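Asker: Below you will find the structure I want to go over with you.
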Amino acid sequence: MKDDCRIGFYICNCGTNIAKVVDAEQVCERIAGLPGVACARAYKYMCSNPGQEMITRDIRERGLNRVVVAACSPRMHEPTFRKALEAAGLNPYLLEMANIREQCSWVHDDPRAATAKACDLAHAAVRRVRYHQPLEKVEASYAPATLVLGGGIAGLTVAVELAEASQPVYLVEREGKLGGNVGRADLTAPYLDSARDILAEKIARAEASPKLDILLRSELVELRGFVGNFRATVRTTGGPTRDLAVGAVVVCTGYQEFDATRIERLGYGRFPDVITSFELERRLRMGRLETDDGRIPRYVSIVHCVGSRNPRYHPYCSRVCCMTALKYGHEIKSALPAAMVTDLYVDMLSFGKGGEDFYRRTSELKTMFLMYEKGDPPRVRAAEPGDDCGLLVQVNERLSGEVIDVPADLVVLMVGMEARADGGDVARTVGISQDRQGWFIESHPKLAPVSTATEGVYIAGCCQSPKDIPDSVAQARAAAAMVLAHVAQGKIEVDARFAEIDPDRCSGCRMCNELCPYTAITFDPDERRSSVQSALCKACGTCVAACPSGAITARHFTDKQIFEQIEGVLAWSSSRSS
Amino acid sequence: MAVRANPHLIEELEKYGAQDVVKCYHCGNCSATCPFSGGTYLFPRKSMRYLQMGLESRLRATLEPWLCYYCGECSDQCPREAEPGETMMSMRRWLTSRYDFTGISALFYRSWRAELIAIVVVALLTGIGLTIFGLTYGDLNVYDGEGAFLPAAAIHRFDWAMAIVLVILLGINCVRMWWFTVGGDRGVRVPLREYLKLAFLVPLHFFTQKRFRQCNEKRPWAVHLVLMFSYLTMLILIMFFLHYLQDGPAINWVAHGFGYAAALGLVGTAIYAVHGRIKKTETHYRHSHETDWIFLGLLALVSATGIIQHVLHRTGQPAAANVLYVAHMMGVVPMLVLEVPFSKWSHMAYRPLAMYLSALREKAVAVESAPADKRAAVAQTA
Amino acid sequence: MADRKLQVALYWGAACGGCDVAVLDTDAFILDLAAAADLRFWPIAVDGKYDDVEAMADGELDLAIFNGAVRNTENQHVAELLRRKAKLLVAFGSCAHLGGIPGLANAASRDEIFHRAYLANPSLEEGNVVLPVTEKKVASGTLEIPKLYRRVHKLDDVVPVDYYVAGCPPAPEQVKAVLKAVISGKLPARGSVVGCSERAVCDDCKRRKEEKKVKRFYRPWQVLQDPERCLLEQGIVCAGSVTRSGCGVRCPNSGMPCRGCYGPTAGVRDQGAKFISAIASIVDSRDPDEIASILGQIPDVMGYAYRFGLPAATIPGTARSL
Amino acid sequence: MEFEPIIVGFLCNWCSYTGADLAGTARIKHRPNLRTIRVMCSGRVDPTFVLKAFAAGADGVLVCGCHPGDCHYIEGNYKTMRRMELLGQLVRAYGIDERRVRLEWVSASEGERFARLVDEMTLELRQLGPCKLRPTVAALANDFDGLSRAVTAQVAASGEVTHG
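Chains as they are written, first to last, in my numbering: chain A, 1259 to 1836; chain B, 4 to 385; chain C, 6 to 327; chain D, -6 to 157.
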């Protein structure tokens, strides 16, 4: 234990949120008796201004050099209290919080047990904070250029926004032309604007911008470095391989459509008149809405949720199919007024601006809506001789419990969106993570929707999750704004929490090298030592746990700090404490 | 076995007067507000759904439209203004055309012109026939007694002949209705005993309209009851006591009392309905199908000519009375021949029958869904 | 110091004798030692009694070298005795340092060990069961034998230790280095492991190290090894990465995986736990069943993890032995 | 009084700790037996921590991370999965019931699941009773005679004992 510690302990009542279950005074009394604790106080709202000032004053007047706050979750107010320490000139990392609200008073009823638990958590925090060290943040420069992966609607938007703000942009597109999946659509829901028009405007702006370098038939093969200082290797088919210096990367790699042959009963691939939504879009664009053998369809059946919201394929909603299906109702009815359209849906999700109105307008076209059970898609079979249609779609109608045969000449499958099959390669190359369905994960689902776990790498559009054009564009512009904010500053601060390798202890065993998901660990073959590039490190601590020489330290999560915490939580409560 | 959907079903129903069916999104407010909806008969929502799903065969088998009296609560409560009440009405028209084996009903409902032409043709035939008959066997100047232009006994025989034809036509349609809803449904087995036990329901509902009374609004029931009893009274008078009304000069005040009351009822309710439909005073008067107007027109015509010819007769103007009598018959005959089996008036048979059939279905369903042990117990006692 | 010869005692506790042999293995140096020091007590080589040691003044010995673990009352008695009489006490070899091979006894309970040794030993003659007792009255008085503790302890569990010499046994060069340091008086910081590296065996191992991803583990005899490449990368379970260097990479250089006798490096609290963490980290699979089957190829995890140091582990023995 | 086990929990910052916080904000009541220690990733959990917790008197250890494939640090939890597998073998060798060490995946949205997990583990540990590891640095026990009696009694039953 460090002898020179002067710890200030503060317990928050949080009005009655904490105090109604946890006896704050008792916790205060017990903590006050621990070695190194210079003062222990309870207050009604520690996060309030007077609460923070209490900490600041005590640091100045009582010479505190460590602070423990027992209050809400550190995910809530750790930044607040760190600022209070900074205000008094104390390094913010000399703070430790004990979570006695979310993980104690809010979830327990018995005051005795809750108080005992709060004591243990506070005790652990006090023991831990003794081994805290002042940490300094690291600063680095920020290159103005940005690499945008994917030339769909999201990528185009990011690139155009940045280029028109006079920042250099490299737009990397794997295909030979820009536009992505939007380029495959005819009209868009709910206002029935032409997708072609939407794209043409963006592409024209992109091509006109002198700051924008469009690299078609190209792929990112390697990304090294860290935020503000990336080196990207881009390979162009039949062209040069370039090494680009960029400050940020925006991933807009989009989605791929669900393979409808996977759901056998839909008959896709077996019946030529069972087509996907993209195939219908193509026919609509060509103005030839007819069956495979060139007849005018009298009955069109649209099957929703193909691959989506089905536990066997993808559990999520692909978000655009309902509106697109409704759009087909309009398009078919306007092209063929005599045709009858049937929508076989799971739930009609016509959320968002204009959505419900669009649904109402479609239903007024006498579209027949039949609901089927999630996980029980309709079954398509050839019609019987004498029927006035080519196919019969059998559906277990959910609202009525009836098994219904729907006549159809054309069956349109609303194939859902799925993460690109090679999304894992992209994720590994740029160092971001994927969820179980393969979508890229954002930093925070609500508060940081375009950032990722790798600083300087952003995501926008459908590579993050299925979304419609307005949402993709909004996300793309958000990502562009994030990049511009950093470019404007010209430099970045790297979090002080990262792993460090002590070169005097490293044995060069290379055990850690492959463990780092961010390739922050490099091995110097001459010195036979590994080292961590701090700006790349995200402080997960996986290498620390693995280092057989004990040479890697996780700043702010050291072995010693955690050992102290373990002993701290058990010292009073364990049935066999020594 | 799968049911075939008919995507054109809504379009077809629209020809019978359905409106805004597509607006319905099955929230169920209509069924919640309906005082009759419950148990195994959940409407109008279920029928609306059948309609939207294009399940023609299911819709044909349903009795639910007949259980509705169009109080209009559902249409008032509908958040989508989908007019479920009016849709139920149109379904009754459509069902009537399904029960009718001749196809005439379907023709009339879908084309008011066809109905009007049929009425005019029947009216003219009646007029011509009666005029020739009268001139051949009687004297235009004689209204009653010997040598009467249209003697009561002859009219009586004519009435009975017509009634037999009507009963046969309607009877066949009623059998078809039974077959569509109960008899032909393999899932429903009704013991013969129940048929007998519940048979009383037909006259009960016919005469009391007691179900109609359960609507929140009592006035439509009262108006309908007055109309129904007036009509019934008139029918009985005509079928059995025509000569009391026609013969003179002695006045049978009992028959006349009934006659006047019935005439008053008919005229009053006709005026009430016409006024209501013009001013759209009540929800069920908001939408008027052509057949509604034709029916009211005939009713008004028949009532008016009936009263006038009676007044002329009693004021001693036999020739004028006879002319009006022919005109009256030119209204009555089409009304009975066309309206009763093929159009709106057929509901006087279908409604009470529907009460009976729905009760039977409920009995059958109850047997089906009874717990196994209970069924075993029933078997043992049997 | 030059005018007075160094007063030295050597002792073996629960040990195999290998450490004493290691001292003798210093060849001609032993003669230098004899010239520079009076070997006052060394049961394996010199005749003597505990009474002789007890008769010494406290602190009379300059150096006491204790090898072997503390297993019974006698071991503890001598450890305390030497601590009192010697200025410097050195825990010599893996047993004194960490508990050593005898420490593996902590995997079993004392009852089990007793039962095995006296009742279920395959070499026992049938019907001839002899059980020891701690005290027996005979004509001349009471005879006693030392009492066996529940579990094996390392030396510093019993008495404060000044220096540690790691190894099973310590390499002769190391023995020389330690003795020379004491003779010359140039001593490192108290409590340190003398004559060793601060890094792991890998640091001194000349084998080539590349990507560590293992799909299958082997016993050394199950696979033809690449003599140039890291053994662990070849799936041979080598403890070199979790073991302090100083031995001269004796085992890996001769084609055998390191077994960990030098104990953990200074930065590691628990050698076995680190072994588990490191070895498991490099398994190349994401499928729980496959992971279980790959890791199931390592027999006797506790034996691998704590071959030389169970008494020094965070949990120094199994639930049965504690 | 019923035995109340103490469980030490190592929760990853991004999924499980957030999930535990969610249980709090949603006021999903659960047993107060868990003592949580926050780590950035379950991959930080050195097996030493688990052994240390038992040595310090814990009755159970719960390690929670993001679901496989959902790791905030891409694949830290896979390393945890492997370490906990091998650690499980060691824990068994130590004679500690495997049910005392649990690795569970709790996402940031699974407050309910987290609460259920704590209750479930608490109940299970109650049935198992206290973890029978004695304090690591206990006084040297000296009951050789007791042992002798136990074994002697066993052998006496077979009737062939000689004292040497």
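Backbone N, C-alpha and C define an ideal beta-carbon position, used for all residues, glycine too.
All of these numbers come straight from a predicted model, not from anything done at the bench.
Closer than 8 Å, CB to CB, is proline 1369 of chain A near chain D or not?
Answerer: No, proline 1369 of chain A lies away from the interface with chain D (no Cβ there is under 8 Å from its Cβ).
Asker: DSSP three-state call for leucine 153 of chain C: helix, strand or coil?
Answerer: strand
Asker: For methionine 1629 of chain A, list the residues DSSP reports as bridge partners.
Answerer: A/Tyr1603, per the DSSP bridge assignment.
Asker: Can you say whether methionine 242 of chain B is buried or exposed, counting buried as having 16 or more other CB atoms within 10 angstroms of its CB?
Answerer: exposed
Asker: How long is the line joining the alpha carbons of threonine 1687 of chain A and serine 282 of chain C, rounded to whole angstroms?
Answerer: 26 Å
Asker: To be precise: take each residue of the stretch 1797 to 1827 of chain A, compare its Cβ to all Cβ atoms of chain F, and keep it if any distance is under 8 Å. Which residues remain?
Answerer: Judged by its chain identifiers, the structure shown contains no chain F, and its protein chains are A, B, C and D.
Asker: Tell me which residues share the same chain as aspartate 1531 of chain A and place their Cβ nearer than 7 Å to its Cβ, disregarding the 5 neighbours each side in the sequence.
Answerer: For aspartate 1531 of chain A, where only same-chain residues beyond five positions count, the Cβ hits under 7 Å are Thr1549, Asp1550, Gly1648, Leu1649, Asp1667, Leu1668, Val1669.
Asker: On a Cα-Cα basis, can you pick out the residue from C/Leu229, C/Gly172, C/Lys185 that is closest to cysteine 201 of chain C?
Answerer: Comparing C-alpha distances from cysteine 201 of chain C to each of C/Leu229, C/Gly172, C/Lys185 shows the shortest one belongs to C/Gly172.
Asker: Any beta-carbon of chain C closer than 8 Å to the one on alanine 16 of chain D?
Answerer: No, its Cβ sits nowhere closer than 8 Å to a Cβ of chain C.
Asker: Is glutamine 249 of chain B buried or exposed, if buried means 16 or more other CB atoms sit within 10 Å of its CB?
Answerer: buried
Asker: Need the endpoints of the beta strand (DSSP E) that isoleucine 1358 of chain A sits in, please.
Answerer: No beta strand (DSSP E) holds isoleucine 1358 of chain A; DSSP gives it neither H nor E.
Asker: Specify whether the stretch 1745 to 1762 of chain A and the stretch 1785 to 1792 of chain A touch according to this definition: at least 3 beta carbon pairs, one from each stretch, less than 8 Å apart.
Answerer: A contact is defined here as three or more CB-CB pairs under 8 Å, and the stretch 1745 to 1762 of chain A meets this definition with respect to the stretch 1785 to 1792 of chain A.
Asker: Of all the options B/Ala253, B/Tyr353, B/Asn325, B/Phe345, which has the alpha carbon lying nearest to the alpha carbon of isoleucine 158 of chain B?
Answerer: B/Asn325
Asker: Exposed or buried, phenylalanine 1821 of chain A, counting other C-beta atoms within 10 Å across all chains shown (16 or more means buried)?
Answerer: It counts as buried.
Asker: For proline 61 of chain D, which residues in chain C fall below 9 Å Cβ to Cβ?
Answerer: Arg291, Pro293
Asker: On the three-state DSSP scale, how would you describe histidine 120 of chain C?
Answerer: helix
Asker: Using a Cβ-Cβ distance cut-off of 8 Å, determine whether glutamate 1758 of chain A contacts chain C.
Answerer: No, no contact with chain C.
Asker: Report the CB separation of threonine 41 of chain D from aspartate 275 of chain C in whole angstroms; it is logged as a contact under 8 Å.
Answerer: 4 Å
Asker: Can you name the residues of chain A whose CB is closer than 8 Å to the CB of glutamate 14 of chain B?
Answerer: Lys1624
Asker: Identify whether alanine 131 of chain D lies in helix, strand or coil by the three-state DSSP scheme.
Answerer: Since pLDDT at alanine 131 of chain D reaches only 45, below the 50 mark, its modelled position is unreliable, and the value read off the structure follows with that caveat. DSSP places alanine 131 of chain D in coil when its eight states are reduced to three.
Asker: Taking valine 1673 of chain A as the reference, give the member of A/Cys1575, A/Ala1300, A/Cys1377, A/Ala1403 with the closest Cα.
Answerer: A/Cys1575
Asker: Among C/Ser259, C/Gly277, C/Glu233, C/Ile284, which has the Cα closest to the Cα of glycine 240 of chain C?
Answerer: C/Ile284
Asker: Beta carbon of alanine 121 of chain B, beta carbon of leucine 341 of chain B: below 8 Å?
Answerer: yes
Asker: Can you tell which of C/Leu315, C/Trp226, C/Pro232 has its C-alpha closest to the C-alpha of cysteine 210 of chain C?
Answerer: C/Pro232
Asker: Does the CB of glutamate 1785 of chain A have a neighbour CB from chain C at under 8 Å?
Answerer: no
Asker: Would you call the CB atoms of alanine 1300 of chain A and glycine 1266 of chain A closer than 8 Å?
Answerer: no
Asker: Given a cut-off of 8 Å on the beta-carbon distance, is the pair cysteine 27 of chain B and alanine 85 of chain B in contact?
Answerer: yes
Asker: Quick one: is phenylalanine 203 of chain B buried, meaning 16 or more other Cβ sit within 10 Å of its Cβ, or exposed?
Answerer: exposed
Asker: Using a Cβ-Cβ distance under 8 Å, would proline 40 of chain D count as near chain C?
Answerer: Yes, contact with chain C.
Asker: Are there three or more Cβ pairs, one per stretch, closer than 8 Å when the stretch 107 to 116 of chain D is compared with the stretch -6 to 14 of chain D?
Answerer: yes
Asker: Excluding the 5 residues flanking aspartate 1367 of chain A on each side, which residues of the same chain have their C-beta closer than 8 Å to its C-beta?
Answerer: Val1279
Asker: Quick one: residues in its chain with C-beta nearer than 7 Å to the C-beta of glycine 196 of chain D, no 5 flanking neighbours on either side, listed in chain order?
Answerer: The requested residue 196 of chain D is not part of the displayed model; chain D covers only -6 to 157.
Asker: In whole angstroms, what separates the C-alpha of alanine 1346 of chain A from that of asparagine 6 of chain D?
Answerer: 28 Å
Asker: Express the C-alpha separation of methionine 338 of chain B and phenylalanine 161 of chain B in angstroms, rounding to a whole number.
Answerer: 15 Å
Asker: Listed from N- to C-terminal order along the chain, which residues in the stretch 76 to 94 of chain D have their beta-carbon within a distance smaller than 7 Å of any beta-carbon of chain C?
Answerer: Arg76, Glu78, Leu79, Leu80, Gln82, Leu83, Ala86, Tyr87, Gly88, Ile89
Asker: Quick check on the DSSP output: what are the complete beta strand (DSSP E) runs of length 3 or more inside the stretch 1384 to 1469 of chain A, in order along the chain?
Answerer: Runs found: 1396 to 1399, 1404 to 1407, 1427 to 1430.
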